[in-house]
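Remarks on the structure that follows.
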């Protein structure tokens, strides 16, 4: 096996991992705060990608500069995804905060079905081509074979988002409130933290990162339809659990591990069993570390 | 009256207006703009915007009214009396109880003869989901273990029958127990790696397991005939007699009725047995039950195995009913629908599962009138049902042992359901 093939798979896995990470962050943050598997999170990502496609196609007719179009489309995608995320929370999850957790999960599944079919009916069931708006960088010319400019943009954007998010959670007041809420929501409330606000902010951030992921992966694969959210959502969920659900560095690490597993598994063994590698790896990891790679061990009291 | 008028005050209307404007903004890009990327044209559908505005105004008003009402009633507690009332009525008027029971039985027996073959087919499907729901209820409702890979066991049952028929020419009745047994073995195999996992870690591993089974079936062509599936699976026979299609449909309906009765009988006995009580104890608190001497490993394995048993059995029936199977029938959505049957009906309750299966399977069938909107409505109903009845339609009723003190002594304890 030559080295360039290895690096190609390595960077390909990293690109996949970055995308999973952007979606998994939303999963893990929501889980950390309200202990809900937000099944409809993938749909938020899909809506972000669709919004970007619609906006960029409409603006494309005006003959605007592609980079400007990409910027406007991304901003609008982030806005609409966050709006959908918070509205969804208010309708489907807020009334269920005191209810059994499985009821909230079914509500999330219902929301996921609703949003999928909403996009399917309002738009189209077919795959739509996503315009390639990311320019070719000159300095990537020599290594174009193993890392193209779309992949480069994905890696850089993910890194920036991760750094910003770390700063937000570690050093700002709302970040502190979020950490407090995830440790003990009732206690945080007693200390004067507005839980509703924290949850809304969490959904906004989670949806925004998902929208960025949506725009990036659609640029990468060049197509999208109403169903992309479901599959990506499941993968991101796997990544979040792999790293230890509720932990933000865990979600990132889990996503990269998942990306590499899939990339090397398909590259060296067989491309038919891509998902099987991911799930078998997940099961093996969880046998030895039942709370994920970076998950804290739960101490239960009776 | 003033209570209702409150919802039409100026303040409330303003709130609803704000909501409808918000929804109009929210749905703008997806509802209004439609891009045709091939011909490069944009269609602006402004009439949709007005529709969204009006419907979300009505929705917002109704929503707030319903939420207020739910708060006044005090949540899901109001669901218990319904079942109790029926039961009490039955106790007070035994003739009425007997009469309605006979009525229901007669209705079940004549159903396939008074309705069309199509209706009978749908009802058979609903009955299949009753058993699937009851099986999953053992794992999720009683054991408290979230299983998102239940369709895998279902697939194992179906493929057991299909493959045994192809290679060895075995019939339906021989394969029925074999399929159930194969699924049980798989259940034990799945239980072993997940013994240490809890909650959502368990959910994701079972989900992964279900997907692994499906993908293997899809790709291992030599074994499972791949995505094209297996066709020409025979319908069940009656002591060697082969039926025509309408006869077979009715026959299958009665097989399912018998299996449902059998399942309800077994599950009810299990629920109140020593084993069933250990499941419930594990659901309530794993550590506490362990310290009371319950072997958690054994309990987990039995829940998975006994839950899988029913899925395997129904898998065989499914293969016989459709006469064609392929991996596409056993996706994650299938597992999710079965989970919905359990949760919508009311977790841990047998009546709940029957009602849940009825709603979830018959509703989409009868929503076919709305053809393309049916999954949209289905999703919305799931959300609304959970929001307004989070405990499910019928909440489970635990058997309560009431001991009345006797002045004369003696120990004839009264058992009654509460």
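Residue numbers (the numbering used here), protein chains in the order written: chain A, 13 to 314; chain B, 39 to 456.
Where a beta carbon is used, it is the ideal one built from N, C-alpha and C, also for glycine.
What you are looking at is a predicted structure, and each value in this text was computed from that prediction instead of being measured.
Can you tell me where the alpha helix (DSSP H) with residue i in it begins and where it stops?
i, result
"residue 88 (chain B)", "84-111"
"residue 256 (chain A)", "Note, residue 256 (chain A): premise wrong, no alpha helix (DSSP H); not H, not E."
"residue 263 (chain B)", "Taken as a continuous stretch (DSSP letters only), residue 263 (chain B) belongs to no alpha helix (DSSP H), as it is neither H nor E."
"residue 210 (chain B)", "210-229"
"residue 182 (chain B)", "From DSSP, residue 182 (chain B) is part of no alpha helix (DSSP H); its letter is neither H nor E."
"residue 103 (chain A)", "Looking at the DSSP string, residue 103 (chain A) is not in any alpha helix (DSSP H), and its letter there is neither H nor E."
"residue 159 (chain B)", "155-175"
"residue 52 (chain B)", "48-65"
"residue 159 (chain A)", "No alpha helix (DSSP H) contains residue 159 (chain A), which DSSP labels as neither H nor E."
"residue 208 (chain A)", "207-233"
"residue 145 (chain B)", "132-152"
"residue 190 (chain B)", "188-206"
"residue 286 (chain A)", "286-300"
Can you give me the start and stop residues for the beta strand (DSSP E) that residue i sits inside?
i, result
"residue 74 (chain B)", "71-74"
In whole angstroms, give me the CA-to-CA distance for residue i and residue j.
i, j, result
"residue 265 (chain B)", "residue 365 (chain B)", "6 Å"
"residue 53 (chain B)", "residue 99 (chain A)", "15 Å"
"residue 78 (chain A)", "residue 72 (chain A)", "8 Å"
"residue 109 (chain B)", "residue 391 (chain B)", "26 Å"
"residue 287 (chain B)", "residue 399 (chain B)", "18 Å"
"residue 316 (chain B)", "residue 395 (chain B)", "26 Å"
"residue 108 (chain A)", "residue 293 (chain B)", "40 Å"
"residue 250 (chain B)", "residue 287 (chain A)", "8 Å"
"residue 196 (chain A)", "residue 187 (chain A)", "14 Å"
"residue 402 (chain B)", "residue 413 (chain B)", "8 Å"
"residue 153 (chain B)", "residue 123 (chain A)", "35 Å"
"residue 21 (chain B)", "residue 375 (chain B)", "With chain B covering only 39 through 456, there is no way to say anything about residue 21 (chain B)."
"residue 404 (chain B)", "residue 110 (chain A)", "33 Å"
"residue 384 (chain B)", "residue 182 (chain B)", "13 Å"
"residue 352 (chain B)", "residue 58 (chain A)", "35 Å"
"residue 407 (chain B)", "residue 145 (chain B)", "25 Å"
"residue 21 (chain A)", "residue 272 (chain A)", "8 Å"
"residue 276 (chain A)", "residue 264 (chain A)", "18 Å"
"residue 107 (chain B)", "residue 299 (chain B)", "38 Å"
"residue 175 (chain A)", "residue 307 (chain B)", "57 Å"
"residue 185 (chain B)", "residue 378 (chain B)", "12 Å"
"residue 26 (chain A)", "residue 219 (chain B)", "43 Å"
"residue 482 (chain B)", "residue 269 (chain B)", "With chain B covering 39 to 456 only, the question about residue 482 (chain B) has no answer from this structure."
"residue 148 (chain A)", "residue 60 (chain A)", "24 Å"
"residue 116 (chain B)", "residue 322 (chain B)", "Interpretation of residue 116 (chain B) is limited by its pLDDT of 49, a score under 50 that renders its predicted location unreliable; the figure taken from the coordinates is listed afterwards. So the two alpha carbons sit approximately 23 Å from each other."
"residue 118 (chain A)", "residue 23 (chain A)", "37 Å"
"residue 330 (chain B)", "residue 324 (chain B)", "10 Å"
"residue 304 (chain A)", "residue 135 (chain A)", "39 Å"
"residue 306 (chain A)", "residue 94 (chain A)", "28 Å"
"residue 217 (chain A)", "residue 171 (chain A)", "16 Å"
Using a Cβ-Cβ cut-off of 8 Å (strictly less than) and excluding sequence neighbours within five positions of residue i, which residues of its own chain qualify?
i, result
"residue 62 (chain B)", "87, 90, 91, 94"
"residue 146 (chain A)", "82, 161, 162, 165, 231"
"residue 416 (chain B)", "401, 402, 405"
"residue 242 (chain B)", "186"
Spatial neighbours of residue i within its chain, please: CB distance less than 6 Å, with the 5 preceding and 5 following residues excluded, ordered by chain position.
i, result
"residue 255 (chain B)", "262, 365"
"residue 54 (chain A)", "241, 242, 244, 245"
"residue 199 (chain B)", "213, 217, 354, 357"
"residue 190 (chain A)", "210"
"residue 343 (chain B)", "222, 225, 226"
"residue 64 (chain A)", "85, 89, 227"
"residue 251 (chain A)", "32, 36, 266, 267, 270"
Cβ-heavy atom distance between residue i and the ligand GTP below 7 Å?
i, result
"residue 163 (chain B)", "Judged by which ligands are present, the structure shown has none, so any question about the ligand GTP falls away."
Under 7 Å Cβ to Cβ from residue i, same chain only, skipping five residues before and after it: list those, please.
i, result
"residue 164 (chain B)", "395, 396, 399, 400"
"residue 135 (chain B)", "128"
"residue 337 (chain B)", "316, 317, 320"
Run down chain C in chain order and give the residues with a C-beta less than 9 Å from the C-beta of residue i.
i, result
"residue 235 (chain B)", "Considering every chain present, this structure includes no chain C. Its protein chains are A and B."
(request) Quick one: which unbroken alpha helix (DSSP H) runs of 4-plus residues sit fully inside the stretch 15-52 of chain A? Chain order, please. (result) 15-46
(request) Give, in chain order, every unbroken run of the alpha helix (DSSP H) that is at least 4 residues long and sits entirely within the stretch 354-432 of chain B. (result) Every alpha helix (DSSP H) of 4 residues or more that sits fully in the stretch 354-432 of chain B is shown, in chain order, as 370-383, 388-395, 401-404, 412-426.
(request) Using a Cβ-Cβ cut-off of less than 9 Å, list which residues of the stretch 262-287 of chain A approach chain B; keep chain order. (result) 282, 284, 285, 286, 287
(request) Please go through the stretch 278-310 of chain B and give each complete beta strand (DSSP E) segment of 3 or more residues, from N-terminal end onward. (result) Note on the stretch 278-310 of chain B: there is no whole beta strand (DSSP E) run with a minimum of 3 residues.
(request) Closer than 7 Å, Cβ to Cβ, to anything on chain A: give me those residues from the stretch 79-113 of chain B, in chain order. (result) Within the stretch 79-113 of chain B, those residues whose Cβ lies closer than 7 Å to any Cβ of chain A are, in chain order, 80, 105.
(request) Please name the residues in the stretch 83-106 of chain A whose beta-carbon is closer than 8 Å to at least one beta-carbon of chain B, in chain order. (result) 88, 92, 95, 96, 99, 103, 104
(message) Any C-beta of chain A within less than 8 Å: which residues of the stretch 202-222 of chain B qualify?
(response) none
(request) Identify each residue in the stretch 157-168 of chain A for which the Cβ-Cβ distance to at least one residue of chain B is less than 8 Å, and report them in chain order. (result) none
(message) Counting only Cβ-Cβ distances shorter than 8 Å, please list the residues of the stretch 59-71 of chain A near chain B, keeping chain order.
(response) 59, 62, 63, 65, 66, 67, 69, 70
(request) Using a Cβ-Cβ cut-off of less than 9 Å, list which residues of the stretch 377-407 of chain B approach chain A; keep chain order. (result) Within the stretch 377-407 of chain B, the residues whose Cβ lies closer than 9 Å to some Cβ of chain A are 377, 378, 380, 381, 382, 385, listed in chain order.
(message) Which complete alpha helix (DSSP H) runs does the stretch 133-200 of chain A hold, if anything under 4 residues is left out?
(response) 161-183, 185-195
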